[in-house]
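With my numbering applied, the sequence shown corresponds to residues 75 to 180, in that order. Beta carbons: idealized from backbone N, C-alpha and C, even for Gly. In this text, all values refer to a predicted model and were calculated from it rather than measured experimentally.
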Amino acid sequence: MNYYGGGLGACGDPINDTDMAVALAVDTFGDATVDYMTGKTNNPWCGKKIQITNGGKTAIAYVKDRCSGCTQGGLDATPALWEATTGGLGGANGDRIYSMSWKVVD
């Protein structure tokens with residue numbers, strides 16, 4: 075998992091640094107299928123609620139984007155989600171973790 079700043083996500087919604095949101099690895103997410111005329115998406119991952127766990131910390135987030143540089147189920151997290159699952163930005167935590175796990179929840 076990495077962290078990144080917000081912007082317009084592949085699901086057609088803006089993403090803020092304070093949102094609990096992720097960009098899902100492109101090999102899992104698939105195509106970005108937004109109809110830019112209506113802003114609607116038909117990608118089945120968009121809006122999915124997921125639980126991320128890292129070193130005893132757990133957080134809930136929503137899939138709002140795809141990560142072109144991530145593979146094998148990797149995630150890009152907003153700064154708020156990164157802080158919730160790692161305890162802080164940069165420093166001793168670095169900017170990438172490999173020990174996290176995630177799953178879809180209802």
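Asked: Counted within 10 angstroms of its Cβ, other Cβ atoms place ASP180 as buried (16 or more) or exposed; Found: exposed
Asked: Beta strand (DSSP E) segment containing ASP150, residue limits; Found: 149-151
Asked: Which listed residue (ILE171, GLY104 and GLY81) has its alpha carbon closest to that of CYS120; Found: GLY104
Asked: Those residues which DSSP pairs with LEU98 across a bridge; Found: ARG140 and LEU149
Asked: Strand pairing of SER175, partner residues [DSSP]; Found: THR127
Asked: Residue from GLY80, ALA97 and ASP101 with nearest C-alpha to ASP139; Found: ALA97
Asked: ALA151 to ILE126 span [Cα, whole Å]; Found: 10 angstroms
Asked: Whole-angstrom distance between THR112 and LYS123, CA atom to CA atom; Found: 23 angstroms
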